[in-house]
Amino acid sequence: MRVYVPTTLAALAQAHSGGELDQSAAYAVTPALREWYVSDDLEELEYAALVRAAQSSLRLLAADPGAPRRRVVVALDVPDKAVRPFPGDEYQDQASLGRVELAAPVELAKAASVHADADEAEVTADVATAAGAITAADGGDADAQFTVDGAEDHELLWFATQEIPALLG
Numbered sequence: 059m060r061v062y063v064p065t066t067l068a069a070l071a072q073a074h075s076g077g078e079l080d081q082s083a084a085y086a087v088t089p090a091l092r093e094w095y096v097s098d099d100l101e102e103l104e105y106a107a108l109v110r111a112a113q114s115s116l117r118l119l120a121a122d123p124g125a126p127r128r129r130v131v132v133a134l135d136v137p138d139k140a141v142r143p144f145p146g147d148e149y150q151d152q153a154s155l156g157r158v159e160l161a162a163p164v165e166l167a168k169a170a171s172v173h174a175d176a177d178e179a180e181v182t183a184d185v186a187t188a189a190g191a192i193t194a195a196d197g198g199d200a201d202a203q204f205t206v207d208g209a210e211d212h213e214l215l216w217f218a219t220q221e222i223p224a225l226l227g
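Residue numbers for the sequence shown follow my numbering, so the first one is 59 and each next one is one higher.
What follows is the structure in structure tokens.
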């Protein structure tokens, strides 16, 4: 199963030095995500899960003001038994759509790829503003949601796992 683990550059640096990604929250193509997205195209559904993970990365940035203002998502292929259903209600909580839990830390070496925002002033400014607005957006503030959507206009870049040191540098 392909899962998308939201993280930050600071947490990715810790995972890189320690060898393990110990973030338990992840996003995947779940039945609730399939129903919400109304598509049978697996590539589209996986992209939707990636976008959900990027939104979760914004929440991590909001909680860590010292982290560089770039969303980061690690894509992993894990056995189905390594993934548990989200204990909350995906159908009722929009922010939890597609969310799953990893049963244990995963070796970063097993990552398929890393997705991150470009290190450009416009992108990091939009992501910083969105991180500051994500809590209000989650609470239903339409203006804050517009701000968060502005960060989503920036596509995450794809990085091979061998490029992690350069991404962190």
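For each residue, glycine too, the CB sits at the ideal point set by N, CA and C.
Since the structure is predicted, the reported quantities are computational estimates derived from the model, not experimental observations.
The C-beta distance from T182 to R127 rounds to 5 Å, short enough to meet the 8 Å contact threshold. Taking a cut-off of 8 Å on C-beta distances, the region 111-127 touches the region 187-195, as three or more cross pairs fall below it. DSSP places L134 in the uninterrupted beta strand (DSSP E) bounded by V130 to D135. Annotation for L160: the continuous beta strand (DSSP E) segment containing it runs R157 to L160.
Residue A218 holds the alpha-carbon nearest to the alpha-carbon of A167 among A218, L91, A68 and V96.
The DSSP-derived three-state label of V87 is coil. Here E78 carries a strand assignment [DSSP, helix/strand/coil]. Per DSSP, P64 lies in no alpha helix (DSSP H) segment; the continuous beta strand (DSSP E) that holds it begins and ends at R60 to T65.
The residue from A84, A125, D138 and E210 with its alpha-carbon nearest to that of E148 is A84.
Runs of beta strand (DSSP E) with 3 or more residues, each lying fully within the region 150-219, are found at 157-160, 169-174 and 215-217, listed in chain order.
A residue is called buried when at least 16 other Cβ atoms come within 10 angstroms of its Cβ; Q150 does not meet this threshold and is exposed.
Using a 10 angstroms sphere on the CB of E104, the tally of other CB atoms reaches 16 or more, which defines it as buried. Beta-bridge pairing by DSSP links P143 to V158. Taking A188 as the centre and dropping the five residues before and after it, the same chain places the C-beta of L116, T205, V206, G208 and A209 closer than 7 Å to its C-beta, in chain order.
Cβ-Cβ separation between A200 and G156: approximately 23 Å, too far for a contact (criterion under 8 Å).
Contact between E159 and S82 holds: CB atoms are separated by about 5 Å, below the 8 Å threshold.
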